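Everything in the sequence shown is counted per the numbering used here, starting at 72 for the first residue and increasing by one. Every residue gets a Cβ at the ideal spot worked out from N, C-alpha and C, and that includes glycine. Predicted model only: the values in this text are computed from it and were never measured.
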Amino acid sequence: MNSLQCTKCSRWVENVGENAVKVTCSVCVLLAVGLPEEKKSYSPTGRPPGWHFMAEFVDKDGNVFHKGKEIKKLKGTLKPTKVLPPKKKIKRRSQDEIYLARHELKKAALKKAAKKQQDFLNHKINKG
Ligand SMILES: [Zn+2]
């Protein structure tokens with residue numbers, strides 16, 4: 072991880088990407104976008120939790136972020152990342168259920184094999 076000086080106020084910004092050559096600190100970013108009138112702990116941005124940890128995230132306006140860092144030159148070049156609703160918890164199958172399912176599969180396979188053999192025999196008989 073690198074430290075770089077903010078291009079606007081020369082404040083040191085830590086943990087910038089290794090390939091980053093320019094960085095704008097959070098203060099300057101806030102100043103640029105204007106301070107929100109009231110600070111809310113949560114504002115619906117349409118971005119999934121942890122989007123800034125994603126290798127690539129494109130918001131609905133086409134802004135492209137690589138690990139939370141906006142890549143301005145890529146804006147509008149990519150499709151917005153689909154934000155999936157939180158996954159429902161999948162009920163784990165019990166050992167019994169898994170065993171039963173396997174058993175059913177086996178039974179079906181055996182049945183199929185038996186039918187095949189029967190067909191083969193019938194065919195032979197029919198043929199004379
Ligand atoms: Zn700054």
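- The bridge partners DSSP lists for N73 are V87.
- The distance from the Cβ of P151 to that of K131 is about 5 Å, consistent with a contact at the 8 Å cut-off.
- R82 has its Cβ nearer than 7 Å to a heavy atom of ligand 1.
- Spatial neighbours of R82 in its own chain (CB-CB distance under 6 Å, excluding positions within 5 residues in sequence) are listed in chain order as C96.
- The C-beta of F128 has 16 or more other C-beta atoms within 10 Å across all chains shown, which makes the residue buried.
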